[in-house]
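K.L.:
Numbering (our numbering), first residue to last: 2 to 136.
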């Protein structure tokens, strides 16, 4: 899968292409197609630990995407096609509905029911009965 979309005879890569390839390598790895030499070559392109960690994040994100949607597909090739374009660009996850907008506010943001009291406002300001002296 990976080797059909990406050419493995490269000398240098742009940063974005390296990220795209690491994401695809993560997907391929989770599907059982390991390319450890390719992953090592891409990681060697970086000069800092920060850049390597970003590449590792892309790799792990590819693996996580497969774990999230694996049950929705019967064949590994269908899953690969759902996550990677023919040009090697990542697609939006199939379970992500970007066009859906929420209908209203979530319940957690609404007014708390304990604030909805039927008590006279002046009653809340009076001294409680247990603090009053009986004369």
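Built from N, CA and C at the ideal position, the CB exists for glycine as well.
If you're wondering where the values come from, they're calculated on a predicted model, not measured in any experiment.
Determine, using beta carbons only, whether residue 26 and residue 12 come nearer to each other than 8 Å.
P.N.:
What you label residue 26 is simply residue 25 of the chain shown in a count that begins at 1. What you label residue 12 is simply residue 11 of the chain shown in a count that begins at 1. No.
K.L.:
Just tell me which of 66, 19, 107 and 69 has its CA closest to the CA of residue 45.
P.N.:
Position 44 of the chain shown, counted from the start, is the residue given in the question as residue 45. Checked all of 66, 19, 107 and 69; the closest Cα to residue 45 is 19.
K.L.:
Work out the CA separation of residue 3 and residue 55 for me, nearest whole Å.
P.N.:
Residue 55 sits at position 54 when you count from the first residue of the chain shown. Residue 3 sits at position 2 when you count from the first residue of the chain shown. Their backbone Cα atoms lie some 20 Å apart in a straight line.
K.L.:
Per DSSP, which residues does residue 28 bridge with? Please list them.
P.N.:
Position 27 of the chain shown, counted from the start, is the residue given in the question as residue 28. DSSP, once it has assigned bridges, lists no residue as partnering residue 28.
K.L.:
So which of 84, 60 and 59 has the shortest CA-CA distance to residue 70?
P.N.:
Residue mapping note: residue 70 aligns to position 69 of the chain shown, counting from 1. Per the Cα distances, 84.
K.L.:
Drop a sphere of 10 angstroms on the beta-carbon of residue 32, count the other beta-carbons inside from all chains shown, and report buried for 16 or more, exposed for fewer.
P.N.:
Position 31 of the chain shown holds residue 32. Buried, since its Cβ has 16 or more Cβ neighbours within 10 Å.
K.L.:
Using a 10 Å radius around the Cβ and a threshold of 16 neighbouring Cβ atoms, would you call residue 110 buried or exposed?
P.N.:
One-based indexing of the chain shown puts residue 110 at position 109. It counts as exposed.
K.L.:
Just reading off the alpha helix (DSSP H) that residue 108 is part of, what are its end residues?
P.N.:
Along the chain shown, read from residue 1 onward, the residue named residue 108 stands at position 107. Per DSSP, residue 108 belongs to no alpha helix (DSSP H) and is neither H nor E.
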